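Asks:
Numbering (this note's numbering), first residue to last: 15 to 333.
1. Just to confirm the assignment, what range does the alpha helix (DSSP H) spanning residue 203 have?
2. Could you pull the start and end residues of the alpha helix (DSSP H) that residue 278 belongs to?
3. For residue 323, which of helix, strand or coil comes out of DSSP?
4. Which residues bound the alpha helix (DSSP H) around residue 156?
5. What would DSSP say about residue 270, mapped onto helix, strand or coil?
6. Since I believe residue 223 is in contact with residue 239 (beta carbons under 8 Å), could you give me their beta-carbon distance rounded to a whole number of angstroms?
7. Under 7 Å Cβ to Cβ from residue 82, same chain only, skipping five residues before and after it: list those, please.
8. Report the option in 167, 99, 161 whose CA atom is closest to the CA atom of residue 151.
9. State the DSSP-derived secondary structure class of residue 191, mapped to helix, strand or coil.
10. Out of curiosity, what's the CA-to-CA distance linking residue 221 and residue 161?
11. Do the stretch 134–149 and the stretch 192–207 meet, that is, are 3 or more Cβ pairs less than 8 Å apart?
12. Within a Cβ cutoff of 7 Å, which residues of the same chain sit near residue 39, ignoring the five residues on either side of it in sequence?
13. Can you tell me whether residue 284 is helix, strand or coil according to DSSP?
14. Rounded to the nearest angstrom, what separates residue 229 and residue 158 at their Cα positions?
15. To the nearest angstrom, how far is it from the Cα of residue 252 to the Cα of residue 306?
16. Indicate the three-state DSSP secondary structure (helix, strand or coil) for residue 73 in the structure shown.
17. According to DSSP, simplified to helix, strand and coil, what is residue 105?
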């Protein structure tokens with residue numbers, strides 16, 4: 015009885031048969047094609063930019079300063095705008111230079127802060143960054159609706175509720191992982207848009223009630239509650255505040271490419287991958303803005319009335 019072949023013998027025979035098959039004339043064109051595709055894939059991998067060194071690591075400042083050459087070169091168009099403003103005597107030269115310098119400084123600081131937070135990978139830093147954005151946005155929206163009592167607090171609460179609910183839904187559905195690299199940029203987009211919506215909704219609601227004060231007071235005299243008397247004004251202000259968001263979604267990609275989509279494409283992502291993320295961004299903005307706008311409007315109208323359910327004269331008196 016012949017002895018069973020060893021594993022080494024079997025592997026050697028298999029390797030020899032494979033080499034003979036690959037070198038046969040029938041398969042040589044396919045082998046060349048596979049080799050070409052492998053070389054192409056390798057070249058693509060070599061073109062992927064390496065990650066920037068961490069803060070404090072060797073080469074960090076070299077990479078950072080080298081990367082800042084393009085932003086500095088882009089200030090040439092600002093110089094052109096300043097020259098045109100001076101030639102046309104618009105008087106905007108100082109404001110343009112100040113805005114450019116401030117944007118440069120703010121974005122540089124934010125870049126370092128995010129670089130630090132991304133390296134920490136801590137939930138605490140995510141929450142701190144998120145609350146900071148909500149606070150600044152609430153203050154800004156409250157400034158827009160400065161005649162609304164407690165407008166800053168209402169805006170903060172509204173933005174917090176709208177963006178937090180939307181974020182929790184997205185994380186629960188595993189659309190985004192709960193990491194700083196995803197949550198902070200996404201939260202920033204939602205907070206920024208919700209800031210505009212809440213500010214406009216509160217301001218328009220107060221102005222609408224002031225213009226139609228007689229109608230509101232007549233409804234109150236006929237037995238309507240403050241909510242019933244101002245309900246159509248709330249709906250009208252919400253429609254005005256949310257219209258830009260809805261119109262933007264309608265024309266998405268037809269007039270101009272959104273910023274996040276353009277950034278992904280310029281960063282090397284496939285256009286198909288970019289539109290997938292942009293659809294998510296569009297949906298989350300509609301959701302967050304709607305919730306924030308509704309909360310701000312319904313918190314806002316309660317400040318218009320005193321304990322006797324009468325409109326406050328100091329808020330709507332003609333000045």
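We put the CB at the ideal spot given by N, CA and C, even for glycine. Keep in mind the model is a prediction, meaning the values are calculated, not measured.
Replies: In terms of the structure at hand:
1. Here the alpha helix (DSSP H) through residue 203 covers 194–225.
2. Residue 278 -> alpha helix (DSSP H) spans 273–280.
3. Coil at residue 323, not helix or strand.
4. Where residue 156 is concerned, the enclosing alpha helix (DSSP H) stretches over 137–158.
5. Note: residue 270 maps to coil in three-state DSSP.
6. Residue 239 to residue 223, Cβ: 15 Å. No contact.
7. Closer than 7 Å at Cβ, skipping near neighbours: no residue.
8. The shortest Cα separation from residue 151 among 167, 99, 161 belongs to 167.
9. Assigned with DSSP and collapsed to three states, residue 191 falls in coil, not helix or strand.
10. In a straight line, the C-alpha of residue 221 is about 9 Å away from that of residue 161.
11. Between the stretch 134–149 and the stretch 192–207, the count of C-beta pairs closer than 8 Å reaches three or more; the two stretches touch.
12. Confidence at residue 39 is low in this model, with a pLDDT of 49, below 50, so its placement is unreliable and no value can be given for it.
13. Here residue 284 sits in coil by DSSP.
14. Distance between the alpha carbons of residue 229 and residue 158: 25 Å.
15. Looking at the two C-alpha atoms, the distance is approximately 10 Å.
16. Residue 73: coil per DSSP, three-state reduction.
17. Three-state result, residue 105: coil.
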